[in-house]
Amino acid sequence: MRWDELRNTDEQGSASAPALFGASAVTRTFDTPEFRGITFHEVRARSLVNRVPGASRMPFAWTVNPYRGCSHACVYCFARKTHGYLDLDTGVGFDTQIVVKVNAPELLRKELSSPRWQGQHIAMGTNVDCYQRAEGRYRLMPGILTALRDHANPFSVLTKGTLILRDLDLLRSAAAVTDVGVNVSVGFTDEELWRTVEPGTPAPQRRLEVIRRLAEHGIPCGVLMAPVIPFLGDSPAQLRTTVRAIAAAGATSVTPLALHLRPGAREWFFHWLRRHHPGLVRHYEALYSDGAYAPRWYQRRITRQVHELAAEYGVGPTGPAQARRITDGHAAATREPEPRERAGENRCTQLTLL
Numbered sequence: 018m019r020w021d022e023l024r025n026t027d028e029q030g031s032a033s034a035p036a037l038f039g040a041s042a043v044t045r046t047f048d049t050p051e052f053r054g055i056t057f058h059e060v061r062a063r064s065l066v067n068r069v070p071g072a073s074r075m076p077f078a079w080t081v082n083p084y085r086g087c088s089h090a091c092v093y094c095f096a097r098k099t100h101g102y103l104d105l106d107t108g109v110g111f112d113t114q115i116v117v118k119v120n121a122p123e124l125l126r127k128e129l130s131s132p133r134w135q136g137q138h139i140a141m142g143t144n145v146d147c148y149q150r151a152e153g154r155y156r157l158m159p160g161i162l163t164a165l166r167d168h169a170n171p172f173s174v175l176t177k178g179t180l181i182l183r184d185l186d187l188l189r190s191a192a193a194v195t196d197v198g199v200n201v202s203v204g205f206t207d208e209e210l211w212r213t214v215e216p217g218t219p220a221p222q223r224r225l226e227v228i229r230r231l232a233e234h235g236i237p238c239g240v241l242m243a244p245v246i247p248f249l250g251d252s253p254a255q256l257r258t259t260v261r262a263i264a265a266a267g268a269t270s271v272t273p274l275a276l277h278l279r280p281g282a283r284e285w286f287f288h289w290l291r292r293h294h295p296g297l298v299r300h301y302e303a304l305y306s307d308g309a310y311a312p313r314w315y316q317r318r319i320t321r322q323v324h325e326l327a328a329e330y331g332v333g334p335t336g337p338a339q340a341r342r343i344t345d346g347h348a349a350a351t352r353e354p355e356p357r358e359r360a361g362e363n364r365c366t367q368l369t370l371l
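Going by the numbering used here, the sequence shown opens with residue 18, and the numbers climb by one from there.
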């Protein structure tokens, strides 16, 4: 995304301090409990469909993100670094300075109509949550889903938000003409951990209820079990409790993803860790000494344990980029690949999100 007029001029016409957004941007605050302390920057985007960089480990090539920044305030969120590109703080600023692309639905419809667009799968909710609290006010997703439906363009949604239930009818009508994947993120069910590490999200039990509601309406829903947080949410008993709850909610699949700490997220997570669990700092420094990702042996262990529990409770892993068609109360039969544990196939078991 690009911004116009990134510099202001003073009365003499000379350059002054850099401006964040163009003159057309509107900044708003709302004095209501759910939005208190949050600033919204309403902007008109130049483009909406984004190509994922070729070096990315993500199993999809195109995304749509109607928002930047996220009031979910997850301390581990890898998208924090992107706020720095806008000269915004990647800590509290990421949680409270939300960029809203108010023209997202109309812009998406235009881009899908382009002769250059070939109807590729579009993933949503993979950077920041498209069903975060702001969506309750701005209502961008109904227009986005309608555009995707009208163009029969396959898509998937990953969310921690309960607001997706508002759009049940749109999801069903879209699935009548294209492939639709729905996944909910539930990394753990420990409410004490949730209150500090994901303070702006619906509680895990509420997300599990979303899965139940989706299933009741004939919408198969997988679970991205992410992040599995070392030393805090990865004991055998904790993994069993979480997978059992996911299965009981009616999830069609469960895919584990160990915590990863990219630059931007790493600093904020360690800030949180020193405050809430100072005794774990040196353990994390050792575990993540080689970079953003936990060691392969750790990822493989988590993957194996979760897949074994999933098999025990009757749910399976999701294949890469595998959308699920919504039917009238019945999930279409889908291929469920065997878990892959070899080091060379580690990417498949850890990052098959949708």
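Yeah, the Cβ is synthetic: ideal placement off N, Cα and C, and Gly gets one too.
Using a Cβ-Cβ cutoff of less than 6 Å, which residues in the same chain neighbour H234 once the five nearest sequence positions on both sides are dropped?
Excluding residues within five positions, the ones whose Cβ falls inside 6 Å are L185.
Mapping DSSP to helix, strand and coil, what is V227?
In the structure shown, the three-state DSSP call for V227 is helix.
Taking 8 Å as the limit between beta carbons, can you name the residues of its chain near A121, skipping five residues before and five after?
Around A121: A62, L65, V81, P83, L157, G160, I161.
Would you report the Cα separation of A311 and I228, rounded to the nearest angstrom?
CA-to-CA, the gap between A311 and I228 works out to about 29 Å.
Rounded C-alpha distance that separates D433 from L175:
In the structure as shown, the chain begins at 18 and stops at 371. Residue 433 is therefore absent and cannot be evaluated.
Consult DSSP for F172 and reduce its assignment to one of helix, strand or coil.
Strand at F172.
Give the DSSP bridge partners of W79, in chain order.
Paired residues: R68.
Does DSSP put A90 in a helix, in a strand, or in coil?
Of the three classes helix, strand and coil, the one that applies to A90 here is coil, per DSSP.
What does the Cβ neighbour count give for D307, buried or exposed, with the cut at 16 atoms within 10 Å?
D307 should be labelled exposed.
Which class does R45 belong to by DSSP, given the choice of helix, strand or coil?
Three-state DSSP puts R45 in a strand.
Would you kindly work out how many angstroms separate the C-alpha atoms of R97 and G217, rounded to a whole number?
Straight through space, the alpha carbons of G217 and R97 are spaced by roughly 15 Å.
Determine the DSSP secondary structure at K127, reduced to helix, strand or coil.
Looking at K127 - three-state DSSP - the assignment turns out to be helix.
Does the distance from the C-beta atom of G108 to that of W285 stay below 8 Å?
Against a cut-off of 8 Å, the Cβ pair of W285 and G108 comes out as a contact.
Rounded separation between V116 and Y148 - CA only:
About 14 Å.
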